[in-house]
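Down below is the structure, laid out as C-alpha cells.
In C-alpha cells, the structure reads:
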C-alpha cells in the first residue's frame, strides 16, 4: 500500500540508516581513500567493536555508546599495531597490492573465528533503557535505536572533518599518499603519519561497532554484508572525502530503505553493488572527487 | 663526499663550502650530480663516504645518517627538483603543510601572510588545487612552501626547469628578494647559467660528479673557459 506517509517514514528511516553507514565507512575512507591501504577487514573490526560493546554491556550494564567510545583508544593502538605489521611486511617492500589484500583477508578470518570460538555463532545484542523506545516528530516516527547511531555518526563525521582540515597531522594525512617524499621534506615521518591515521580509522570501528549492535543483533560473520556497502560508499563519496562519504552514505541508506520497503529486503544489498558499478562506469572520481 | 645509487657512482669526491648569508650556485648540465648532492644534504640519499657538516652557533652537526625529517628540523629546506607539490591539496593546504615542523608553527600565520604578499597569485588561488596551476605558479608555490618552514638554509634544485624564460627571471628575482628579507643562506642548483649568476655571490661548476671549477665571484664564473664553451657558446 503506497502512501505519502509511508514514503516519508521510509525516507527518514533511510537517512538514519545512511548516517550509520557513514560511521562504518569513514574508516574505509581514511584507510583506502587517503592512505591507499585496502583494509577490507574494516567491517570485521566493526564487528569486533560490537562484541566489545556487547561484553561490557552484558557484564557491567554499561551503556553501549559509552562502551564504544571507551574502547576507541584500545582500537586506536590496535590499528597502529596492525599498520606497523602491514608496513614492515608488505608496504616497505612494495608488495602491498596482492599480499596486503591477503593479509587483511587473514585478519577477517582471525577476528571471525576468534569471536565464534569465544562467543559462539548466535546473534548477540545489547540492552539500554532507550533502545526499544521511539519518539514522534509530526507524522514521522523516529526509533531511538536508529536516531542515536545517526546522531553519533554525524558527530564522528564532523570530528574527522575538523581533524583533517584544521590540524597539522590531519593535513599530513591527506598529503601522505600524494607524495611521501615531499612530506618528509616538510619534516613529517610518513610511516608515523600513516600509522596514526590507520589507528584513527580502526578507532572509528569501535564506535561504529557499538552503533551496529544497537541497531540490531550481531553475529561474528555479519561484517561480510558490509564490505560491498562500505566500498561502494567510499568510491561514491570520492575516495578520501569525509563530506563526500556522508553524502554517499545517506544516498545509499535512502535507496536501500526504499528498495527494501517496496521491493523486498533481499534486494537491499544489490543497491550498493549496483551503485558501485554505476559510479565506476560513469563517474569514477565519485560525487566530490578531486581530479588527480 | 662520494655518493651514488647502487653500483652507479654519481659524486666522486665533491667538496663545497657555503658561508652564512651567501647565495651559492651549483652549475652543471643534466646528469652531473647536482640533484644527488642536494639529496645527500637532505638525507634522502646517503653518501658512501665523506661528511656534511652544519655549523650553527658554534656547534658542529654531521648530517650524514640523519633522516630528512631531522634535517628539516635543523632549519634546512629544499625546493625539490620537479617541485613535488601535493597536487590534490589546495594552495593554502600546501603552504600550511610547509609549516609542519614545530619550530615553524608559531610563525605560521605571519609567514602565510608574507607568502601571499610576496606571491599575490597564491593568495588569489589559495582555494585552488596545486596540481591545476601553471608551471610558474607551481614553482612559486614550491618556493613559498619551503619558506613556510622558517628555514635558515634554503636549497633550491633547478627552479628554471620547464618554465618560460620570462617566468624564470621572475622566479629568480623573487628568490633574491626573499633571501634578503629572510636573511637566508641559499644553495641553488641550476643549468640556466645566465639566470643563476644574477643572484649568486659565487659558485661551483660540477661536471661528471666532480667540482670542475670554483668561482669566487660571478665574474670569475663568467670568465671561466667551461662556461664560455657550454653556456655562452663562445
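Residue numbers (this note's numbering), protein chains in the order written: chain A, 214 to 505; chain B, 5 to 238. The C-beta atom is built at its ideal place from N, Cα and C for all residues, glycine as well.
Would residue i pass as a contact of residue j if the rule is Cβ separation under 9 Å?
| i | j | result |
| --- | --- | --- |
| residue 181 of chain B | residue 206 of chain B | no |
| residue 21 of chain B | residue 54 of chain B | no |
| residue 95 of chain B | residue 134 of chain B | yes |
| residue 441 of chain A | residue 300 of chain A | no |
| residue 235 of chain A | residue 481 of chain A | no |
| residue 27 of chain B | residue 226 of chain B | no |
| residue 248 of chain A | residue 389 of chain A | yes |
| residue 150 of chain B | residue 229 of chain B | no |
| residue 103 of chain B | residue 93 of chain B | no |
| residue 303 of chain A | residue 316 of chain A | yes |
| residue 251 of chain A | residue 411 of chain A | no |
| residue 19 of chain B | residue 161 of chain B | no |
| residue 99 of chain B | residue 130 of chain B | yes |
Quick one: give me the first and last residue of the beta strand (DSSP E) that residue i is part of.
| i | result |
| --- | --- |
| residue 207 of chain B | 206-211 |
| residue 48 of chain B | Careful: residue 48 of chain B lies outside any beta strand (DSSP E) and carries neither H nor E. |
| residue 157 of chain B | 157-161 |
| residue 66 of chain B | 63-66 |
| residue 470 of chain A | Taken as a continuous stretch (DSSP letters only), residue 470 of chain A belongs to no beta strand (DSSP E), being part of the alpha helix (DSSP H) at 455-475. |
| residue 27 of chain B | 27-31 |
| residue 355 of chain A | 353-356 |
| residue 401 of chain A | Segment: none, residue 401 of chain A is in no beta strand (DSSP E) and carries neither H nor E. |
| residue 81 of chain B | 80-83 |
Is the Cβ of residue i closer than 9 Å to any Cβ of chain B?
| i | result |
| --- | --- |
| residue 399 of chain A | yes |
| residue 385 of chain A | yes |
| residue 504 of chain A | Per-residue confidence for residue 504 of chain A stands at a pLDDT of 40, beneath the threshold of 50, marking its modelled position as unreliable; no derived number is given. |
| residue 301 of chain A | no |
| residue 447 of chain A | no |
| residue 335 of chain A | no |
| residue 402 of chain A | yes |
| residue 388 of chain A | yes |
| residue 331 of chain A | no |
| residue 381 of chain A | yes |
Can a CB atom of chain A be found closer than 9 Å to the CB of residue i?
| i | result |
| --- | --- |
| residue 153 of chain B | yes |
| residue 187 of chain B | no |
| residue 9 of chain B | no |
| residue 208 of chain B | no |
| residue 101 of chain B | yes |
| residue 156 of chain B | no |
| residue 92 of chain B | yes |
| residue 193 of chain B | no |
| residue 97 of chain B | yes |
| residue 18 of chain B | no |
| residue 77 of chain B | yes |
| residue 105 of chain B | yes |
| residue 109 of chain B | yes |
| residue 81 of chain B | yes |
| residue 131 of chain B | no |
| residue 114 of chain B | no |
| residue 149 of chain B | yes |
Three-state secondary structure (DSSP) at residue i?
| i | result |
| --- | --- |
| residue 337 of chain A | strand |
| residue 239 of chain B | The requested residue 239 of chain B does not occur in the structure, where chain B is confined to residues 5 to 238. |
| residue 347 of chain A | strand |
| residue 217 of chain B | strand |
| residue 294 of chain B | Limits of chain B in this structure are 5 at one end and 238 at the other, which puts residue 294 of chain B out of reach. |
| residue 186 of chain B | helix |
| residue 175 of chain B | helix |
| residue 8 of chain B | strand |
| residue 192 of chain B | strand |
| residue 70 of chain B | coil |
| residue 501 of chain A | coil |
| residue 13 of chain B | strand |
For the alpha helix (DSSP H) that residue i lies in, which residues bound it at each end?
| i | result |
| --- | --- |
| residue 308 of chain A | It is not in any alpha helix (DSSP H) - residue 308 of chain A carries neither H nor E in the DSSP assignment. |
| residue 388 of chain A | 381-388 |
| residue 56 of chain B | It is not in any alpha helix (DSSP H) - residue 56 of chain B carries neither H nor E in the DSSP assignment. |
| residue 439 of chain A | 437-449 |
| residue 429 of chain A | From DSSP, residue 429 of chain A is part of no alpha helix (DSSP H); its letter is neither H nor E. |
| residue 198 of chain B | 197-203 |
Starting from residue i, find everything on chain C with Cβ-Cβ shorter than 9 Å and list it in chain order.
| i | result |
| --- | --- |
| residue 394 of chain A | As a matter of chain content, chain C is missing from the structure shown, whose protein chains are A and B. |
Sorry if obvious, but does the Cβ on residue i come closer than 8 Å to a heavy atom of the ligand HEM?
| i | result |
| --- | --- |
| residue 393 of chain A | The ligand HEM is absent from the structure shown, which contains no ligand whatsoever. |
inquiry  = Between the segment 233-251 of chain A and the segment 403-418 of chain A, can you find at least three pairs of beta-carbon atoms closer than 8 Å?
reply    = The segment 403-418 of chain A makes contact with the segment 233-251 of chain A, as at least three CB pairs between them are under 8 Å.
Inter-stretch contact at 8 Å, needing at least 3 Cβ pairs: the segment 332-349 of chain A / the segment 443-454 of chain A = Between the segment 332-349 of chain A and the segment 443-454 of chain A, the count of C-beta pairs closer than 8 Å stays below three; the two stretches do not touch.
inquiry  = Contact between the segment 486-503 of chain A and the segment 46-64 of chain B is defined here as three or more beta-carbon pairs at a separation below 8 Å; is this criterion met?
reply    = Contact fails: fewer than three Cβ-Cβ distances are below 8 Å.
query = Is there contact between the segment 380-387 of chain A and the segment 256-263 of chain A, where contact requires at least three CB pairs shorter than 8 Å?
reply = Here the segment 380-387 of chain A makes no contact with the segment 256-263 of chain A; the two share fewer than three CB pairs at distances below 8 Å.
inquiry  = With three or more C-beta pairs closer than 8 Å as the rule, is the segment 436-450 of chain A touching the segment 329-341 of chain A?
reply    = Counting Cβ pairs under 8 Å, fewer than three are found: no touch.
message = Assess contact between the segment 137-146 of chain B and the segment 198-214 of chain B, defined as three or more Cβ pairs (one per stretch) separated by less than 8 Å. Is contact present?
response = No, because fewer than three Cβ pairs between the segment 137-146 of chain B and the segment 198-214 of chain B fall closer than 8 Å, the two stretches do not touch.
message = Does the segment 144-158 of chain B come into contact with the segment 106-115 of chain B, if we say contact requires no fewer than three beta-carbon pairs (one atom in each stretch) closer than 8 Å?
response = With the cut-off at 8 Å, the segment 144-158 of chain B and the segment 106-115 of chain B touch.
message = Is it the case that the segment 165-181 of chain B contacts the segment 421-428 of chain A, given that we only count it when at least three CB pairs across the two stretches are under 8 Å?
response = The segment 421-428 of chain A is not in contact with the segment 165-181 of chain B.
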